[in-house]
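The structure appears right after this line, and notes come after that.
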Amino acid sequence: MLVTTKEMFEKSRKEGYAIVAPDYWDSNSCRTYVETAEELGVPVILSFAQAHQDMLSLEEAFTLGKFYGEKASVPVALHLDHGQDLETVKKAVDMGFTSVMIDASAKPYEENVTLTREACEYAHARGVVVEAELGHVGSGDVITSENMEALREDKNIYTEVEMAKKFVEETGVDSLAVSIGTSHGLYKGTPVIDFERLHELRDALAIPLVLHGGSGSGDENLERCATEGISKINVFTDFTVAAIEAVKGEDYINWYKLMKDANSAISEKLKFYFRLFHTGKAG
Ligand code: 13P
Numbered sequence: 001m002l003v004t005t006k007e008m009f010e011k012s013r014k015e016g017y018a019i020v021a022p023d024y025w026d027s028n029s030c031r032t033y034v035e036t037a038e039e040l041g042v043p044v045i046l047s048f049a050q051a052h053q054d055m056l057s058l059e060e061a062f063t064l065g066k067f068y069g070e071k072a073s074v075p076v077a078l079h080l081d082h083g084q085d086l087e088t089v090k091k092a093v094d095m096g097f098t099s100v101m102i103d104a105s106a107k108p109y110e111e112n113v114t115l116t117r118e119a120c121e122y123a124h125a126r127g128v129v130v131e132a133e134l135g136h137v138g139s140g141d142v143i144t145s146e147n148m149e150a151l152r153e154d155k156n157i158y159t160e161v162e163m164a165k166k167f168v169e170e171t172g173v174d175s176l177a178v179s180i181g182t183s184h185g186l187y188k189g190t191p192v193i194d195f196e197r198l199h200e201l202r203d204a205l206a207i208p209l210v211l212h213g214g215s216g217s218g219d220e221n222l223e224r225c226a227t228e229g230i231s232k233i234n235v236f237t238d239f240t241v242a243a244i245e246a247v248k249g250e251d252y253i254n255w256y257k258l259m260k261d262a263n264s265a266i267s268e269k270l271k272f273y274f275r276l277f278h279t280g281k282a283g
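The working numbering puts the sequence shown at residues 1 to 283.
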């Protein structure tokens, strides 16, 4: 069944776990994610990133997500990940995505507020929930114990508690992606997560918190995030890495077999994350 994230988050916050938000880029990944969630009997937030439109148009992504989501035996939210502009966000809402992200985190605070507020007004009037980001989760940044203090001083990187409270009040956003040490894509080492900041944000904000850049962030870090205040963890790169690992070195002569092996590896990786994050109390 296709749902918004509202009900999912109410349950996950009460029970203290995070829901996996895996990014799909084709029909194989989309179907694999939903089938894997069904196998474990857990909810999933099927995410499509605007930046992946070179592989799948918004219309194609919606059609696939709706098809697999509607016939699923578990709750599936269909989410636009990293919406880069209001036009795309509104298009996704009109199409029927049940959740959208407007990501203006690289823009100045006031601009982020204005864009997020407009996205909320539009989406809420149509029964769709909105995620925004404050503080900026970059790509490939390596946050270590050495540079962590310096990065903490940079208000544009780590999410500031007072600023986040103000942002939520001013925008009416439904969930907030926070920056506490992760980064998108592959790391050179395991990042240092600012759990103190996470706890402060969790205690100060009444809405669910989201963690981007789940891949390679360290199993212990991620499990703690999932049980100490994060309601949703986005993962993309690790699924592509798992697929490559599964097929590299094999002398395939059958593309069909290669795709099946890659899909199995993606499914195993997703199962691992469902269990690590205690999603729906997955066993
Ligand atoms: P990773 O590719 O680092 O897992 O990040 C995914 C993400 O945050 C998508 O929004």
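Every residue, glycine too, gets a C-beta built ideally from N, C-alpha and C.
Straight-line gap, residue i to residue j (C-alpha atoms, nearest Å)
i    : j    : result
E250 : F277 : 32 Å
K271 : V113 : 36 Å
V178 : A164 : 9 Å
G229 : N254 : 45 Å
H337 : D23  : It is not possible to answer for residue 337, since the shown part of the chain is limited to 1 through 283.
V128 : T237 : 27 Å
G218 : G280 : 21 Å
Contacting residues, own chain, Cβ-Cβ under 8 Å from residue i (five flanking each side not counted)
i    : result
M55  : W25 and D26
P208 : T5, F9, S12, R13, D174, S175, L176, S231 and K232
V161 : R197, E200, L201 and A204
Local Cβ density within 10 Å of residue i, reported as buried at 16 or more and exposed below that
i    : result
A72  : buried
G69  : buried
M101 : buried
D94  : exposed
A246 : buried
D103 : buried
K269 : buried
A106 : exposed
Any non-hydrogen atom of the ligand 13P closer than 8 Å to residue i Cβ
i    : result
H292 : This structure gives no information on residue 292, because the portion of the chain shown stretches from 1 to 283.
V89  : no
F97  : no
H82  : yes
T159 : no
S215 : yes
A37  : no
F236 : yes
7 Å CB neighbourhood of residue i in its chain, flanking five on each side removed
i   : result
G65 : C30, L46, F48 and L78
Sequence-distant residues of the same chain with beta carbon closer than 6 Å to residue i, five excluded per side
i    : result
A92  : L80 and V100
A243 : A262, A265 and I266
Q50  : H82, G83, Q84 and T88
Item to check | Sequence ranges, alpha helix (DSSP H) only - wholly within the segment 199-247, length at least 4 | outcome: 219-227 and 237-247
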